[in-house]
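Q: Per the working numbering, the sequence shown starts with residue 208, numbered consecutively. Dropping the structure in here first, questions after.
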Amino acid sequence: MKPNSGTLVINIMNGGKAEAYEGVYQCTARNERGAAISNNIVIRPSRSPLWTKEKLEPNQVREGDSLVLHCRPPVGLPPPIIFWMDNAFQRLPQSERVSQGLNGDLYFSNVQPEDTREDYICYARFNHTQTIQQKQPISVKVFSMDSLNDTIAANLSDTDIYGAKPVTERQPILLTPTGSTSTKVELRGNVLLLECIAAGLPTPVIHWIKEGGELPANRTFFENFKKTLKIIDVSEADSGNYKCIARNILGSAHHVISVTVKAAPYWITAPRNLVLSPGEDGTLICRANGNPKPNISWLANGVPIAIAPEDPSRKVDGDTIIFSHVQERSSAVYQCNASNEYGYLLANAFVNVLAEPPRILTPANKLYQVISDSPALLDCAYFGSPKPEIEWFKGVKGSILRGSEYVFHDNGTLEIPVAQKDSTGTYTCVARNELGKVQNEVQLEVKDPTMIIKQPEYKVIQRYGQVSFECIIKHDSTLLPTVIWLKDNDELPDDERFLVGKDNLTIMNVTDKDDGTYTCIVNTTLDSVSASAVLTVVAAPPTPAIIYARPNPPFDLELTGQLERSVELSWIPGDENNSPITNFVIEYEDGLHEPGVWHYQTEVPGTQTTVQLKLSPYVNYSFRVIAVNEIGRSQPSEPSEQYLTKSANPDENPSNVQGIGSEPDNLVITWESLKGFQSNGPGLQYKVSWRQKDVDDEWTSVIVANVSKYIVSGTPTFVPYEIKVQALNDLGYAPEPSEVIGHSGEDLPMVAPGNVQVHVINSTLAKVHWDPVPLKTVRGHLQGYKVYYWKVQSLSRRSRRHVEKKILTFRGNKTFGMLPGLEPYSSYKLNVRVVNGKGEGPASPDKVFKTPEGVPSSPSFLKITNPTLDSLTLEWGSPTHPNGVLTSYILKFQPINNTHELGPLVEIRIPANESSLILKNLNYSTRYKFYFNAQTSVGSGNQITEEAVTIMDEVQPLYPRIRNVTTAAAETYANISWEYEGPDHANFYVEYGVAGSKEDWKKEIVNGSRSFFVLKGLTPGTAYKVRVGAEGLSGFRSSEDVFETGPAMASRQVDIATQGWFIGLMCAVALLILILLIVCFIRRNKGGKYPVKEKEDAHADPEIQPMKEDDGTFGEYSDAEDHKPLKKGSRTPSDRTVKKEDSDDSLVDYGEGVNGQFNEDGSFIGQYSGKKEKEPAEGNESSEAPSPVNAMNSFV
C-alpha cells in the first residue's frame, strides 16, 4: 500500500502470477470518529485462450439455400469482439442477405455464386490483452443451377432426360432464434439486444413490434440491417412481448421474445452526512428499489448494527435510523447495504455530533466594486454547529436589511440585483447560533458606467487624403480606461500612417487598403463599451497628363542550378506603365498531381529578377511570374520549362488529426490528407495508431490507403484515447507524429440533476438551483443544463390554458440560473436536464413553485356616459392582468378650466367588486379629468385617464343623438341605416359582433357623413349585434340593435354564362361562323359567283346555268350587274328577300329578329344588346338589316 494513502498497488511486472491475486477486496478507513468501508472490489485476471483445433469440412451448398458459418470463439475474460475477414485482412462485406449474429456466427439468408471463396476467417479480439485469435479458414462452394446442369449433361447421353431444378423462391424461416417463442432477461439500465435472422428467397425484410404497446421513442435503435433491435437504458416498463416478423413476397414468419427486466438495487434516497449539535434530533434515511425488492441492512463503523456498541440515542426503524438527544460520543460512520440477487449498494454516512461557535470564512473588509445598474454579490462564507443564522446590516449601526430589493442566499451571500450609487457603503454580516456570535464587514463601491459620448461616424475620403475618427468617452473618475482601435475586428496595421490620439484615430495618406470598419473599444476593470464606423475610400480625380496602368507581364523565364530540393529562376520584367513595380509573385504548377492548377510559391521585391526556390520531392514543376504595382497585377508570364524532382520519404504528417466517436461504441479518427506534392513519392499511405489514455495499453496500429478516416469499433463509451497518424510512401515513413487526445462516441446522459430547488425572488423573477450530475454519468462533453419551465395556471383566475414550455440553457457546469419574465400570482412547474454533445438526459422530477402577487395592469376601459347638470356616470372594466387579488379601485378627478389649468384633486376609493359609479354634486358645464387605476395588496397599477363635460342649464346636451338604427340583412351582408341629430360634419363608425359573444366589437369607419353603411363578409344564419357611434365624442354611441343573416342556400342558381361547357360551345359556334364568313368573302371577291344548286332545284330560275358535264362542277350564278361595285345587301337573291323556310339552318334564329348580328369575334351582339329599331333600307335594298347572315342564307 502506498504510504500516506489508501491506494493498494499490485505489481506483477517483476514476477508473480495474476491468478495469485484473484479475489474480493475491501478498503476500511478508520480514525477516532469512526470507520468507513468501500464497496467490494473484484479482481479477476484477463484470459485470452487459444482456439481449439477442429477439422473443418468444406461447405458445399446449392444456390439460393441458406447457410450458417459457426465461429464458436474461445471463452475469454472479458468476452472477445468477433469479426469476419479474408486472407487480405479485409472485412467481409455484410448486407441484408449476409450478416453476423450476436453470437459471432455468419448467416446467409440465401447464397449466391459470388459467395464462393475459401477464406472465410473468424477473428476474436481480446482488447484487454491486446491479442487477436484466428480460426482456421472456412471454405464455401456454391453450385449454381447453370453449372450443375452442364455437369449433368456432360455425364448423360442425348436420350437421357436431365436438368437440375431452377432456383426456387422460398418463404421466410427463422435461422435464429429457433421455435416460435423465447425468453430474455435483462437488467435495468443495461442495453437490451434482441436478434432475428431469417432465411428465404428473395431476402426477407425484418420488422419489429411490441405487443400491446409501442417501442420506446428516443431509446430504440435498429442495427445489423434491422435484424437487431437495440433499446438503451431499459426499465421495468420495457418488459413485455417483442415480435420480429420476417417477410418477403411469398409469405412471412415471426418469433415472439418475452422480455423480463429485472433490476439490481438502485438508490431512491441514499444516506447523507449529518451534522448535529449535542441534544439535537436527526434521521438517516436509506431507501433503494430493485427487482426483486432489495433487503436493507445497517452497519456502524463497519460492524453490523445488531452487534455494534449500543447507543441509547439511536433507534433503527427499517430503512431509517432515528437519533434523539445525541451526544458527542454518538459520532460514527454508518453504512447502508441494499442487496438482491443481482447486486448490492453500499453507502457511508458520517453522523458528526459537533458543537462549534460560528466562524466567518470571508476575509474582513473585502472590497467589492460593481458598475451602476448591475448586480452585486457580497460573500459571507460561514461555518458552525448548530447551523448559524445569517443577518446583514448596512453601516456599523444600520438596521437589518429586508425587502424585495435584496436576495439572501443559503450560503450567506447577499445579492443586490440592481446596485445604485447610493448602495455604496459598508455592509456587516452577522452569524449567530446558541454558542456565540461573530460578524464581518465588507465594502461595496458602485461606479459610474463607461460611455462613449461622441462615437466615430461614417466617412468617405478620396485616395491619398487624411481622415480622423473621434471617440470621446465619459467614465468613473476612479477607473482607468484604456482605448483600443480595431480595423475589421483585427489590430490596426503596423503603419506609421495610423496615429492614435487620446480621443481620436487619424489616418494619413489614405490608400484603398484602408477601406473597412473601424471600432473604438473602451475597457476598464469593470466594464467595456465599443462603437464602430465605416471608412469608404474613393479614387482621386485622375491627372490627365499621366496614364497609369498595370505592368506588362515578365518574359524570358529561365531555370538554372537544378538541385533535388532547389532551383534558381530568373526573368526579364515587362513595362511598368508609369507605376513602379513593387513586387513579383511567383506561382508554380504541379503537372504530376494537379495539372492546370497554379499555386502561390513566393514573392520578391520589384527590384529583384532572380530567386532561389525551395522544392519538394516528386513534383513536376512549372513556374510563372506576375508583376504587381499600385494599380494592380499584370497578366501571368508564359510558363517556364518543366522540372521533375526525385522521390523521398514524406517530410510531414497529416494535420488536424481528430478522434470523435459517431456512435457510443466507436472512435472515428479523421485527418487532413497530404496534398499530392506533399507525398514526396508514390504509394502514399497512413499508419493510424491509438490506445486508451491513462490505461497501460500498447499501441494498436493499422496501415490504411490514401484516405482521411478510420473507424475503431467496440470502444467503451466516451473514454479518452491517444491518437497519432503517420504518413508513409514507397520510400519510407515520415517523422514520428505528435499525439492528440480524442474521445470515443458520446451517449445520452444517464441521470437527471438532483436536489432541484427554486427560490422565488419577486413576482416576475425566480432562481433555480440544482446539484451537478456526476461527470461519469454525463457520458460525453458536458455542454450545460437546460431548464424547462411552464405556467400551470393563474392563481387569480383559476383557469388553465395551453401549456407553452419555455427553455433556458445554462452553459458549462453551472448549478443555478435565473428565470425572468414570470407572470405574478401564478403557479409554475419546471425540470432540469443535463446536455452533452449527443443530446439531453432525463428530466428531473417536476418542481412546483408559485409567484407572489404583483401590481395589476390598468383597467381594460373607462367609459363616461349620461352627463347631466351635476352628475356623470362612470363604467369600467377589470384589468386584463390582475396579477393578484384586487382590493379596490382608486378614482381621482379634478376640474379643468378654459385655459387648461387643473383644479383641486379629489380621490375616491371604490370596492373591487364594483364596475360603475355615478358622480354627483358636480359643477354644471364643467370639464373634468379622471384618473383611474386598480390596486392589489402589493400596490397600485398603471392608471388610465379620460375627460368628460357636464351639461349647461336649459340648453340642449352637448352630445349629438343617433336613433332609429335599422338593419336589412341578407345572407352574407346587411344594410345599416340610422337617423342623426346634432352638429354637422360628424364622422360615424359602425361596431358589430356576434350576439351573445364576449369577443371585442369589430369596428368599421363610415366614409363621409352618410347615414347608411353596408356590412360585408357576414356568416349566414348568424345573429349579430350592431351599434353606431360618432368619432371624437367620448363614449357616445347609439343603442344596440340585433339582426340575423339569412340561411345559407343548399344550392345556388348556376349562371349558364359562366359554365365551361357553354363557353366551349359558344367558341365552337363562333369559329364555325368565322370560317363561313371567310368563305363568303373569298367567293365575293371572285366576282359574286357561287354555287346555287339548291336554289336551282327550289326556284327553277331560268338564269341558272346547267351543270357542266365535262368536269362535274356547277354552273355559276351571275348578277346582271356582275361587274359593278357591290352594294350593301347585294348578295341576296333576285327577289331581294330571304324567307325563313328557305333554310332551316339560318343563323338569324340565333339573334333577336333580324338584329341578331355577330361581332368581329363571332359573339352575339343582339343577344346582349336587346332589340333595336329597324333602320330604313337603302333604295331598293331589302327592308331587313343587311348583314353577312343574309348573304350566307343564299348558299347554306
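Backbone N, C-alpha and C define an ideal beta-carbon position, used for all residues, glycine too.
1. Could you give the DSSP three-state label for Lys209: helix, strand or coil?
2. Tell me which residue opens and which closes the alpha helix (DSSP H) that Arg609 is part of.
3. So, Glu1060 versus Thr1072, is the Cβ gap smaller than 8 Å?
4. Are the region 429 to 448 and the region 475 to 484 in contact at 8 Å, needing three or more beta carbon pairs?
5. How would you label Thr922, buried or exposed, when you count the other beta carbons within 10 angstroms and need 16 or more for buried?
6. Distance, Cα to Cα, Gln885 vs Lys916?
7. Look at the Cβ atom of Ile1115, then the Cβ atom of Leu1109, and state whether they are nearer than 8 Å.
8. Hey, how far is the Cα of Ala1230 from the Cα of Ser1067?
9. Is the Cβ-Cβ distance between Leu742 and Asp722 less than 8 Å?
10. Closest to Val1156 by CA distance: which of Asn913, Tyr1135, Tyr613 and Trp258 is it?
11. Compare the Cα-Cα distances from Lys1210 to each of Val1235, Glu1188, Ser1218 and Glu325 and report the closest residue.
12. Can you name the residues that DSSP bridges to Phe1017?
13. Evaluate Asn863 with the Cβ neighbour count: other Cβ atoms within 10 Å of its Cβ, from every protein chain shown; 16 or more gives buried, anything less gives exposed.
14. With DSSP collapsed to three states, give me the class of Asp524.
15. Determine which residues share a DSSP beta bridge with Lys469 and list them.
16. For the region 334 to 344 and the region 238 to 256, state whether three or more C-beta atom pairs, one from each stretch, are separated by less than 8 Å.
17. Leaving aside the five residues before and after Ile607 along the sequence, list all residues of the same chain whose C-beta is less than 8 Å from its C-beta, in chain order.
18. Count the other CB atoms within 10 Å of the CB of His671; is the residue buried (16 or more) or exposed (fewer)?
19. Measure the alpha-carbon distance for Leu712 versus Leu687 and round it to whole angstroms.
20. Can you list, in chain order, the residues of its chain with a C-beta nearer than 8 Å to that of Ser630? Leave out the 5 residues immediately preceding and following it.
21. Where do the N-terminal and C-terminal ends of the alpha helix (DSSP H) with Cys278 fall, by residue?
22. Quick one: give me the first and last residue of the beta strand (DSSP E) that Met1273 is part of.
23. In this structure, does DSSP put Pro884 in helix, strand or coil?
24. Would Leu766 pass as a contact of Tyr850 if the rule is Cβ separation under 8 Å?
25. Quick check: the Cα distance between Glu229 and Leu989, rounded to an integer number of angstroms?
26. Counting only runs that start and end within the region 1101 to 1145, where is the beta strand (DSSP E) found for 3 or more residues in a row?
27. So, at 6 Å on beta carbons, what are the nonlocal neighbours of Pro281 in its own chain, with the 5 sequence-adjacent residues on each side left out?
28. Could you say which of Glu775, Asn784, Ala507 and Val1145 lies nearest to Thr817 if we only look at CA atoms?
29. Asn183 and Ala539 look like a contact to me (Cβ under 8 Å); what is the Cβ gap, rounded to whole Å?
30. Expressed to the nearest angstrom, what Euclidean distance is found between the alpha-carbon atoms of Ser1078 and Ser1132?
31. Express the C-alpha separation of Ala959 and Lys974 in angstroms, rounding to a whole number.
32. May I have the straight-line CA-CA distance separating Ala243 from Lys594, to the nearest angstrom?
33. Could you give the distance in angstroms between the alpha-carbon of Val674 and the alpha-carbon of Val744?
34. Where Ser346 and Val318 are concerned, what is the direct C-alpha to C-alpha distance, given to the nearest angstrom?
35. Less than 6 Å between C-beta atoms, sequence neighbours within five positions excluded: which residues of the same chain meet that for Asn398?
36. Using a 10 Å radius around the Cβ and a threshold of 16 neighbouring Cβ atoms, would you call Arg1040 buried or exposed?
A: In short:
1. Correct three-state label for Lys209: coil.
2. Counting along the chain, Arg609 sits inside no alpha helix (DSSP H), nor does DSSP assign it H or E at all.
3. no
4. no
5. buried
6. The C-alpha of Lys916 is placed about 18 Å away from the C-alpha of Gln885.
7. no
8. In this structure, the alpha-carbon of Ala1230 lies about 26 Å from that of Ser1067.
9. yes
10. Tyr1135
11. When each option's Cα is compared against that of Lys1210, the closest is Val1235.
12. Looking at the DSSP output, Phe1017 shares a beta bridge with Tyr992.
13. When all chains shown are included, Asn863 counts as exposed.
14. The three-state secondary structure of Asp524, taken from DSSP, is strand.
15. Leu394
16. yes
17. The answer, listed in chain order, is Glu598, Trp599 and Phe600.
18. The sequence shown places Tyr at residue 671, rather than the His named in the question. Label assigned to Tyr671: exposed.
19. 20 Å
20. Here the set comprises Ala583, Ile623, Leu651 and Val653.
21. Here Cys278 belongs to no alpha helix (DSSP H), and DSSP marks it neither H nor E.
22. Met1273 -> not in any beta strand (DSSP E); alpha helix (DSSP H) instead, spanning Gly1267 to Asn1292.
23. The question names Pro, yet the displayed sequence has Phe at residue 884. In this structure, Phe884 counts as helix in the three-state DSSP scheme.
24. yes
25. 37 Å
26. 1113 to 1118, 1123 to 1126 and 1134 to 1143
27. Pro256 and Trp258
28. Glu775
29. The chain is shown only over 208 to 1403; residue 183 falls outside these bounds and no answer can be derived.
30. 11 Å
31. 19 Å
32. Their Cα atoms are separated by approximately 25 Å.
33. 10 Å
34. If I take the Cα positions, the gap works out to 13 Å.
35. The sequence given here has Val at residue 398, not Asn. Taken in chain order, the residues that qualify are Ile439.
36. By the C-beta density criterion, Arg1040 is buried, having at least 16 other C-beta atoms within 10 angstroms.
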